[in-house]
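Under our numbering, think of the first position of the sequence shown as 40, with each following residue one higher. Positions of the beta carbon are idealized from the N, C-alpha and C atoms, including for glycine.
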Amino acid sequence: MSRFWIYSVWILPFFAIFDAARANYSEDQCSWRGSGLSQQQGSVEQISLHCSEGTLDWLYPTGALRLSLSPRLPSAAVGPGAGGGSGLVTACVKPSEEFHGAQLYLERDGVLELLVGDRLETSPPPRVRCFSRLPGEKVALFLQATPHQDISRRIASFRYELRGDWTAGLSLDSNRISSEDACRPCNNTEILMAVCTSDFVVRGNIRSVSEDDTLRAAVIRVSATRVFQQKYALFTGSGRLLTTRGEIRTLLQCGVKPGPGSFLFTGRVHFGEAWLGCAPRYKDFQQAYRAAKEAQQIPCELAVD
40 MSRFWIYSVW ILPFFAIFDA ARANYSEDQC SWRGSGLSQQ QGSVEQISLH
90 CSEGTLDWLY PTGALRLSLS PRLPSAAVGP GAGGGSGLVT ACVKPSEEFH
140 GAQLYLERDG VLELLVGDRL ETSPPPRVRC FSRLPGEKVA LFLQATPHQD
190 ISRRIASFRY ELRGDWTAGL SLDSNRISSE DACRPCNNTE ILMAVCTSDF
240 VVRGNIRSVS EDDTLRAAVI RVSATRVFQQ KYALFTGSGR LLTTRGEIRT
290 LLQCGVKPGP GSFLFTGRVH FGEAWLGCAP RYKDFQQAYR AAKEAQQIPC
340 ELAVD
């Protein structure tokens, strides 16, 4: 694979020349922003980020970038219950809708796999792509600039997230997951653990279900009667009655339909959006919770009605 290209002469505005001199990490080393104009032709710049989420913005791509992700995940995220206790870490990248000028590869043990290709102006927005790595496995992201006569309007930008406790159902790359595994109901043990480890735990009713064609996901609109916990402002009140509402996404193939009854919704936040984990009927959760509490086998306390 050639890493040397010859470009035609182009004229860039002043701000482009200014950006060429800058290549900056965020203070917490979660994000990186830089310009290909500061790189030598054919060079590969090495970048290392150390957070569980962040961004990369590569302006006027030339040459290549090699990005190593070494997140400081909490021990609970890679311990028992995370990936079956195997220490499996799942990473997802979400390209910007205007991703241009480069191709993004997964580099695994020296072999490149294309994740995101360069886009035409009329191309649909690129999809979120996810992959997993085992402890000790060498994995990196490799961005290779594609030849263009005019690179002044091209930016290769994406967000990334890494977690040690995601399940297959949270991967948006549906080519790589089993819908049977992602959509099966949780057992009582999984439900009780989800209450302790989820980004949100909400009791509510399903108002409606629609399709998000871009994400190939079902959008569940929920009226929440009680928000037990949420790490982000996913369910908020509005109107005179301060009705608490929010949206939760899940895979289309799970076939979620609107219907009566109260549910306990749990799950994770994925690029700012709520994704469904376990969602038992609330009466079934109450029964499982009380039985586990009587047996002194409950993993954490919840103020159950």
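Practice item. Could you tell me whether the Cβ atoms of residue 241 and residue 261 are closer together than 9 Å? Key: In the sequence shown, counting from the first residue as 1, residue 241 sits at position 202. In the sequence shown, counting from the first residue as 1, residue 261 sits at position 222. Inclusion of residue 241 and residue 261 in the CB contact set at 9 Å is warranted, their separation being smaller than that value.
Practice item. Would you mind reading off the limits of the alpha helix (DSSP H) that contains residue 236? Key: For the purposes of this step, residue 236 is identified with residue 197 of the sequence shown, where counting begins at 1. Residues 227 to 236.
Point to revise | Of the listed residues 311, 239, 228, nearest to residue 14 (C-alpha basis) | key: Nothing can be reported for residue 14: it is not among the residues displayed for the chain, which extend from 40 to 344.
Review point. What's the gap between the Cα of residue 345 and the Cα of residue 129?
Key: Nothing in the structure corresponds to residue 345, since the chain is present only between 40 and 344.
Check your understanding: Is the beta carbon of residue 172 less than 9 Å from the beta carbon of residue 165?
Key -> On the sequence shown, residue 172 is found 133 positions in, with the first residue counted as 1. On the sequence shown, residue 165 is found 126 positions in, with the first residue counted as 1. Contact flag unset, no.
Review point. Are the beta-carbon atoms belonging to residue 181 and residue 133 less than 9 Å from one another?
Key: As a first step, residue 181 is located in the sequence shown; it is residue number 142 there, counting from the start. As a first step, residue 133 is located in the sequence shown; it is residue number 94 there, counting from the start. In this structure, residue 133 does not lie closer than 9 Å to residue 181 by Cβ.
Point to revise | Delimiting residues of the beta strand (DSSP E) encompassing residue 198 | key: Residue 198 sits at position 159 when you count from the first residue of the sequence shown. Start and end: 194 to 202.
Review point. Any C-beta of chain C sitting closer than 9 Å to the C-beta of residue 197?
Key: In the displayed structure, chain C is absent; only one protein chain is listed.
Check your understanding: Within 10 angstroms of its Cβ, does residue 74 collect 16 or more other Cβ (buried), or is it exposed?
Key -> Reading the sequence shown from its first residue, position 35 is the one you call residue 74. Under a 10 Å Cβ-count criterion, residue 74 is classified as buried, with 16 or more other Cβ atoms of the shown protein chains found around its own Cβ.
Exercise for review: Using the DSSP secondary-structure output, state which residues sit across from residue 85 in a beta bridge.
Suggested key: Taking the sequence shown and counting its residues from 1, the one referred to as residue 85 is at position 46. Residue 85 pairs with 105.
Point to revise | Rounded C-alpha distance that separates residue 293 from residue 248 | key: On the sequence shown, residue 293 is found 254 positions in, with the first residue counted as 1. On the sequence shown, residue 248 is found 209 positions in, with the first residue counted as 1. Between the C-alpha atoms of residue 293 and residue 248 there is a straight-line separation of about 12 Å.
Review point. Between residue 344 and residue 63, what straight-line distance do the alpha-carbon atoms span, to the nearest angstrom?
Key: What you label residue 344 is simply residue 305 of the sequence shown in a count that begins at 1. What you label residue 63 is simply residue 24 of the sequence shown in a count that begins at 1. Cα to Cα, the separation comes out at about 51 Å.
**Study point:** Cutoff 7 Å; reference residue 317; Cβ partners in own chain excluding five residues on either side
**Key:** Along the sequence shown, one-based indexing puts residue 317 at 278. Residues of the same chain with a CB within less than 7 Å of the CB of residue 317, apart from the 5 flanking positions on each side, are 225, 229, 230, 233, 305 in chain order.
Review point. Does DSSP put residue 183 in a helix, a strand or coil?
Key: On the sequence shown, position 144 is the one that residue 183 refers to. Judged by DSSP in its simplified three-state form, residue 183 adopts strand.
Check your understanding: In whole angstroms, what separates the C-alpha of residue 201 from that of residue 340?
Key -> Along the sequence shown, read from residue 1 onward, the residue named residue 201 stands at position 162. Along the sequence shown, read from residue 1 onward, the residue named residue 340 stands at position 301. Distance between the alpha carbons of residue 201 and residue 340: 27 Å.
Exercise for review: Would you give the residue range spanned by the beta strand (DSSP E) that residue 166 belongs to?
Suggested key: As a working mapping, residue 166 is identified with position 127 in the sequence shown. That residue, residue 166, is in no beta strand (DSSP E); it is neither H nor E in DSSP.
Exercise for review: Would you decide whether residue 298 is buried or exposed? Buried here means 16 or more other CB atoms lie within 10 Å of its CB.
Suggested key: Taking the sequence shown and counting its residues from 1, one reaches residue 298 at position 259. When all chains shown are included, residue 298 counts as exposed.
Check your understanding: Does the beta-carbon of residue 338 have 16 or more other beta-carbons within 10 angstroms, so that it is buried, or is it exposed?
Key -> For the purposes of this step, residue 338 is taken as residue 299 along the sequence shown, with counting starting at 1. Answer is exposed; the Cβ neighbour count stays below 16.
Check your understanding: residue 256: buried (16+ other C-beta within 10 angstroms of its C-beta) or exposed?
Key -> Along the sequence shown, read from residue 1 onward, the residue named residue 256 stands at position 217. Buried, because 16 or more other Cβ atoms sit within 10 Å of the Cβ of residue 256.
Review point. Going by alpha carbons, who is nearest to residue 266 out of 252, 283, 325, 251?
Key: Here residue 266 corresponds to residue number 227 of the sequence shown, with the count starting at 1. Distance from the Cα of residue 266 is smallest, within the candidate group 252, 283, 325, 251, for 283.
Practice item. Pull up the DSSP beta-bridge partners for residue 96, would you. Key: Numbered from 1 along the sequence shown, position 57 holds the residue referred to as residue 96. For residue 96, which the question treats as bridged, DSSP gives the partners 72, 196.
Practice item. Please report the Cβ distance between residue 147 and residue 167, rounded to the nearest whole angstrom; I am assuming they are in contact, meaning their Cβ atoms lie under 8 Å. Key: In the sequence shown, the residue the question calls residue 147 occupies position 108. In the sequence shown, the residue the question calls residue 167 occupies position 128. Not confirmed; about 18 Å, so no contact.
Exercise for review: Go ahead and pull the three-state DSSP assignment for residue 271.
Suggested key: Here residue 271 refers to the residue found at position 232 of the sequence shown. If DSSP states are grouped into helix, strand and coil, residue 271 belongs with coil.
Review point. What is the rounded straight-line gap between the Cα of residue 310 and the Cα of residue 170?
Key: Against the sequence shown, residue 310 aligns to sequence position 271. Against the sequence shown, residue 170 aligns to sequence position 131. If I take the Cα positions, the gap works out to 15 Å.
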